[in-house]
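Going by the working numbering, the letters in the sequence shown line up with residues 2 to 354, in that order.
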Amino acid sequence: MAEEKGVALIAGVSGIVGRGIATRLLGEGWRVIGLSRTPPKPGIDGLEHVAADLTDGDGLTAALAGSGAAVTHIFYAGRAPDPDPAVEAARNTAMLVNTVEAAEAAGAALAHVHSVHGTKWYGSHVGPFKTPAAEDDPRCPVPNFYFDQQDWLEAAAPRRGFTWSTTRPHLLIGFSLGYPHNILSVVAVHAVLCREQGRPLTFPGAQGHFDRVSQVTDIELLVDAMQWCATSPSAANQPFNVINADYFRWKDVWPDIAAFFGMEAGGVKTESLAASFAAAEGPWREMVTREGLSEPDIGRIASGPYGDATFSATWDDMSSTVKIRRAGFDKVYASRDSLLGALAAYRRHRVIP
2 MAEEKGVALI AGVSGIVGRG IATRLLGEGW RVIGLSRTPP KPGIDGLEHV AADLTDGDGL
62 TAALAGSGAA VTHIFYAGRA PDPDPAVEAA RNTAMLVNTV EAAEAAGAAL AHVHSVHGTK
122 WYGSHVGPFK TPAAEDDPRC PVPNFYFDQQ DWLEAAAPRR GFTWSTTRPH LLIGFSLGYP
182 HNILSVVAVH AVLCREQGRP LTFPGAQGHF DRVSQVTDIE LLVDAMQWCA TSPSAANQPF
242 NVINADYFRW KDVWPDIAAF FGMEAGGVKT ESLAASFAAA EGPWREMVTR EGLSEPDIGR
302 IASGPYGDAT FSATWDDMSS TVKIRRAGFD KVYASRDSLL GALAAYRRHR VIP
């Protein structure tokens, strides 16, 4: 076994981000304690899972009483969505505070706390924003738990003796199941349905989205950056954009995605993915049986409503990576490789044919 490097407490370990950082740290000799209501599926070898509700401060404190004293680093990747941004902000900030205070109550001497945010900091979800977006740009004038969490970390860290950092990825690209915010899983399901129906791979969103400048974050790149932030003095007490090294337009990568599925690439044919995925639940299960696939529940693979919302935006998405590069982070991921690599992972796990 590799030499133990630290003890990480990962909040939200069942999600795509939590799973990614847990797997990485375990492979490099860290002890890892994972928080989530239910254990990750499939399981993660070596993970010490603690069942807990991050919204319940007292319950979380009790849950960590037996193991939290050893914690040196917190990686916060939890989230509790709410349609009201103000409610969402208050709830998610309280969850972060609960996690830190529960570890401290258990006796932890924290060295660093890292929280994962995103480009919603700049208002990417509400309309056009300045591009390329830089970390010191003005905050989006909409309530957002990113702001409240960072404000709390900035105020609490010097008093409590730890450093902090945050990362701001964009659309996460990687394999996941049961995670609603994975746009590549949406593309994968849509492509399979198009092929089953004998039609070309059309783009289901808006023409403006097909044509605009887009960006993604490979989940492995985010994990690289999270680990670097938590262990590099040059990253202490700062936020960083974490984006693949290039930008792209869906219209330019669409033929490559179609070729992956052995299909002809079509143009834009705007449709409701929520409706098409719902209508395909029965046919999908039949296909899974016929092809010997692993996941019969289409809803566990991809979210049609999330795809509709994402593919309706017509403004450019572009974040600057100047700051993180100048600070010494040098990992490089290419978007086309990330997109096709994630699709290959879905096929490798027998989720798609």
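We treat Cβ as the ideally placed atom computed from N, Cα and C, and that holds for glycine.
Every value quoted in this text rests on a predicted model; they were computed, and no experiment measured them.
**Prompt:** Which same chain residues, not among the five before or five after D137, have their C-beta less than 7 Å away from its C-beta?
**Reply:** The answer is none, since no qualifying residue turns up.
**Prompt:** Which residues in the same chain as E282 place their Cβ atom closer than 7 Å to its Cβ, once the five residues preceding and following it in sequence are excluded?
**Reply:** Once the five neighbours on either side are set aside, the close Cβ partners of E282 are I299.
**Prompt:** Taking F148 as the reference, which of A90, V114, N245 has the closest Cα?
**Reply:** Taking only the C-alpha atoms, the option nearest F148 is A90.
**Item:** Continuous alpha helix (DSSP H) assignments of at least 4 residues falling wholly in the region 102-128
**Value:** Scanning the region 102-128 from its first residue to its last, no whole alpha helix (DSSP H) run of 4-plus residues comes out.
**Request:** With a 10 Å radius around its C-beta and 16 neighbouring C-beta atoms as the bar for buried, classify P170 as buried or exposed.
**Result:** Burial call: buried.
**Asked** Taking all protein chains shown into account, do 16 or more other C-beta atoms lie within 10 angstroms of the C-beta of P129, making it buried, or fewer, making it exposed?
**Response** Exposed is the call here.
**Asked** Can you pull the DSSP bridge partners for Y180?
**Response** When beta bridges are read from the DSSP output, Y180 appears opposite no residue.
**Asked** Out of curiosity, what's the CA-to-CA distance linking E4 and T24?
**Response** Bear in mind that the predicted position of E4 carries a pLDDT of just 49, short of 50, making it unreliable; the figure below should be weighed with that in mind. If I take the Cα positions, the gap works out to 16 Å.
**Request:** Whole angstroms is fine: what's the gap from R160's alpha carbon to S166's?
**Result:** Straight-line Cα distance between these residues: approximately 16 Å.
**Message:** In whole angstroms, give me the CA-to-CA distance for V88 and E287.
**Reply:** Approximately 41 Å, taken between the alpha carbons.
**Request:** For I325, I'd like the list of residues in its chain whose CB is within less than 6 Å of its CB, leaving aside the five on either flank, ordered along the chain.
**Result:** Take I325, set aside five residues on each side of it, and the residues of its chain with a beta-carbon closer than 6 Å to its own are F241, in chain order.
**As assigned by DSSP and simplified to three states, the class of G293** = Coil, per DSSP.
**Asked** Is the distance from the Cβ of M96 to the Cβ of L36 below 7 Å?
**Response** Result no, Cβ atoms of M96 and L36 do not sit closer than 7 Å.
**Item:** Spatial neighbours of M2 in its chain, beta-carbon cut-off 6 Å, leaving aside the 5 residues before and after
**Value:** Bear in mind that the predicted position of M2 carries a pLDDT of just 38, short of 50, making it unreliable; the figure below should be weighed with that in mind. Here the set comprises nothing.
**Prompt:** Hey, would you say G58 sits closer than 7 Å to A107, going by beta carbons?
**Reply:** No; because the gap between Cβ atoms is not below 7 Å, this pair is not in contact.
**Asked** Applying the criterion that 16 or more other CB atoms from any shown protein chain within 10 Å of the CB defines a buried residue, is R32 buried or exposed?
**Response** Under the 10 Å beta carbon count, R32 is surrounded by 16 or more other beta carbons and is classified as buried.
**Request:** Measure the alpha-carbon distance for F76 versus R200 and round it to whole angstroms.
**Result:** Taking the CA atoms as reference points, F76 sits about 44 Å from R200.
**Message:** Rounded to whole angstroms, what is the Cα-Cα separation between P98 and A109?
**Reply:** Just to set this straight, residue 98 is Val in the shown sequence, not Pro. Whole-angstrom Cα-Cα distance: 14 Å.
**Request:** With a 10 Å radius around its C-beta and 16 neighbouring C-beta atoms as the bar for buried, classify Q208 as buried or exposed.
**Result:** With fewer than 16 neighbouring CB atoms inside 10 Å of its own CB, Q208 falls in the exposed class.
**Request:** Report yes if the C-beta distance between I353 and M227 is below 7 Å; otherwise report no.
**Result:** Against a cut-off of 7 Å, the Cβ pair of M227 and I353 comes out as no contact.
**Prompt:** Who pairs with I220 in a beta bridge, going by DSSP?
**Reply:** I220 is not bridged to any residue.
**Prompt:** Helix, strand or coil for Q360 per DSSP?
**Reply:** The structure shown does not extend to residue 360, since the chain is modelled only from 2 through 354, so no value can be given for it.
**Request:** Consult DSSP for E49 and reduce its assignment to one of helix, strand or coil.
**Result:** Correct three-state label for E49: strand.
**Own chain partners of A134 with C-beta closer than 6 Å, once the 5 adjacent residues on each side are dropped** = Non-local C-beta neighbours of A134 in its own chain, meaning closer than 6 Å and more than five positions away in sequence, comprise Y123, S320, ordered along the chain.
**Simplified DSSP assignment, three categories, for S37** = In this structure, DSSP gives S37 an extended state, which the three-state scheme calls strand.
**Asked** On the three-state DSSP scale, how would you describe M2?
**Response** Below a pLDDT of 50, predicted positions are generally treated as unreliable, and M2, at 38, falls in that range; the measurement from the model is reported next regardless. Per DSSP, reduced to three states, the secondary structure at M2 is coil, with no helix or strand assignment.
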